[in-house]
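Novice: Quick note: the sequence shown, position 157, residue 306 per the numbering used here, numbers continuous.
The beta carbon of each residue, even a glycine, is placed where N, CA and C say it ideally should be.
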Amino acid sequence: MWRHAARLVLDALAPRRCAVCERVAGDALCPPCLEEMCARRPPASRTTPHGLAAAGFEFEGAVRAALHGGKYRGDRAALRLLAAVAVPRLRARLPLPAAVTCVPLGRRRLRSRGYNQAEEIAGVVATELDCPFVAGLERLRDTPPQSSRDEGERRRNVAGAFMWRGVDLEGARLWLVDDVLTTGATTSAAASALEAAGATRVDVAVVAAVL
């Protein structure tokens, strides 16, 4: 929470710097860093048990630095700009949804960070697609971080960790939004909860994927 407050104060007092190279930019990302990102081809889509998974970018270089700034240093503007740039790439790889939702944070992490990075991204995605954002996916327990775990451990860690408690999803086609896709364990567990609530298709849309 304090990181978010500190970022607001800094943004008010200091010139806006690029989240990647820290040059004065006037926006979350400077033109050279943005150009570097957009010059790279997006990763190939993956088939999942629930639909498709697509990423706007590979999780490397400038994209990785900007996402880390948004996730760990309170730079929500970087998240929103990355999302806006990723949307055309995602639209080209996924069927359009009836609604957009996102992977939730656990309560402890949400209290510490002050916001959910996936929700920041999903809000922009929904706006760009001109479709509703629907909240209601909840974590039933705080799961330990996934980063140091292998694929089997990741899947066990999040098995049964999600439940839908929002609007009726019967027959819905959804985009499930997150920041980064690695093995897909978290998004698969979340998609299973959405399907259990009635969704007929859940495509995963992320800013970046680890290849």
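As a quick exercise: from GLU209, VAL173 and HIS199, pick the residue whose alpha carbon is nearest that of ARG190.
Specialist: Residue numbering aside, residue 190 sits at position 41 when the sequence shown is read from its first letter. Out of GLU209, VAL173 and HIS199, GLU209 has the C-alpha closest to the C-alpha of ARG190.
Novice: How many angstroms separate the CA atom of ALA171 from the CA atom of PRO181?
Specialist: What you label residue 171 is simply residue 22 of the sequence shown in a count that begins at 1. What you label residue 181 is simply residue 32 of the sequence shown in a count that begins at 1. Contrary to the premise, residue 171 reads as Glu rather than Ala in this sequence. Distance between the alpha carbons of GLU171 and PRO181: 12 Å.
Novice: If you drop the 5 nearest sequence neighbours on each side, which residues of the same chain put their C-beta closer than 6 Å to that of VAL359?
Specialist: As a working note, residue 359 is residue 210 in the sequence shown. Closer than 6 Å at Cβ, skipping near neighbours: PHE208 and THR331.
Novice: Just to confirm, is the Cβ distance from ALA227 to LEU289 under 8 Å?
Specialist: Residue mapping note: residue 227 aligns to position 78 of the sequence shown, counting from 1. Residue mapping note: residue 289 aligns to position 140 of the sequence shown, counting from 1. Contact: no.
Novice: Taking 8 Å as the threshold (C-beta atoms), are ALA204 and VAL307 in contact?
Specialist: Residue numbering aside, residue 307 sits at position 158 when the sequence shown is read from its first letter. Residue numbering aside, residue 204 sits at position 55 when the sequence shown is read from its first letter. Result no, Cβ atoms of VAL307 and ALA204 do not sit closer than 8 Å.
Novice: Less than 8 Å between the C-beta atoms of LEU286 and TRP313, yes or no?
Specialist: Residue mapping note: residue 286 aligns to position 137 of the sequence shown, counting from 1. Residue mapping note: residue 313 aligns to position 164 of the sequence shown, counting from 1. Cβ atoms of LEU286 and TRP313: closer than 8 Å.
Novice: State whether the segment 263–276 contacts the segment 231–241, with contact taken as three or more CB pairs (one from each stretch) at a distance under 8 Å.
Specialist: yes
Novice: Indicate the three-state DSSP secondary structure (helix, strand or coil) for ALA188 in the structure shown.
Specialist: Indexing the sequence shown from 1 puts residue 188 at position 39. Looking at ALA188 - three-state DSSP - the assignment turns out to be helix.
Novice: Apart from the five residues just before and just after ALA214, which ones in its own chain have a Cβ nearer than 6 Å to its Cβ?
Specialist: By one-based count along the sequence shown, residue 214 stands at place 65. Once the five neighbours on either side are set aside, the close Cβ partners of ALA214 are VAL169.
Novice: Residues in the same chain with beta-carbon distance under 7 Å from ARG256, minus the five sequence neighbours each way, listed in chain order, please.
Specialist: Within the sequence shown, residue 256 is the residue found at index 107, counting from 1. Hits under 7 Å: ASP291.
Novice: First and last residue of the alpha helix (DSSP H) that includes ALA344?
Specialist: For the purposes of this step, residue 344 is taken as the residue at position 195 of the sequence shown. The question names Ala, but residue 344 in the sequence shown is Glu. First-last of the alpha helix (DSSP H) with GLU344: 334–345.
Novice: Tell me the start and end of each unbroken beta strand (DSSP E) in the segment 163–220 that is at least 3 residues and wholly inside, in chain order.
Specialist: Counting whole runs of 3 or more residues, the segment 163–220 contains the beta strand (DSSP E) stretches 195–197 and 200–207.
Novice: Is DSSP giving ALA354 helix, strand or coil here?
Specialist: For the purposes of this step, residue 354 is taken as residue 205 along the sequence shown, with counting starting at 1. ALA354: strand per DSSP, three-state reduction.
Novice: Helix, strand or coil: which one does DSSP assign to GLU319?
Specialist: As a first step, residue 319 must be located in the sequence shown, where it is residue number 170. DSSP places GLU319 in coil when its eight states are reduced to three.
Novice: Tell me the residue span of the beta strand (DSSP E) that contains LEU289.
Specialist: Residue mapping note: residue 289 aligns to position 140 of the sequence shown, counting from 1. Taken as a continuous stretch (DSSP letters only), LEU289 belongs to no beta strand (DSSP E), as it is neither H nor E.
Novice: According to the neighbour-count rule (16 or more other Cβ atoms, all chains shown, within 10 Å of its Cβ), is ARG260 buried or exposed?
Specialist: The residue labelled residue 260 in the question sits at position 111 within the sequence shown. Classification for ARG260: exposed.
Novice: Have a look at ALA211 and ASN265 and give me their C-alpha separation to the nearest angstrom.
Specialist: Here the question's residue 211 lines up with position 62 in the sequence shown. Here the question's residue 265 lines up with position 116 in the sequence shown. Using only the alpha carbons, I get a separation of about 21 Å.
Novice: Taking buried to mean at least 16 other C-beta atoms within 10 Å of its own C-beta, is GLY223 buried or exposed?
Specialist: Against the sequence shown, residue 223 aligns to sequence position 74. Here GLY223 is buried: its Cβ has 16 or more other Cβ atoms, across all protein chains shown, within 10 Å.
Novice: Would you tell me roughly how many angstroms separate the C-alpha atoms of ASP176 and ARG303, rounded to the nearest one?
Specialist: What you label residue 176 is simply residue 27 of the sequence shown in a count that begins at 1. What you label residue 303 is simply residue 154 of the sequence shown in a count that begins at 1. Approximately 36 Å, taken between the alpha carbons.
Novice: Give me the residue from LEU216, SER194 and HIS217 with the minimum Cα distance to ARG240.
Specialist: As a first step, residue 240 is located in the sequence shown; it is residue number 91 there, counting from the start. Cα-wise, what sits closest to ARG240 is SER194.
Novice: Have a look at PRO246, ALA247, GLU269 and ARG242 and flag the residue whose alpha-carbon is nearest the alpha-carbon of PRO253.
Specialist: Taking the sequence shown and counting its residues from 1, one reaches residue 253 at position 104. If we check each option's Cα against that of PRO253, GLU269 comes out closest.
Novice: Work out the CA separation of LYS220 and LEU343 for me, nearest whole Å.
Specialist: As a working note, residue 343 is residue 194 in the sequence shown. As a working note, residue 220 is residue 71 in the sequence shown. In a straight line, the C-alpha of LEU343 is about 25 Å away from that of LYS220.
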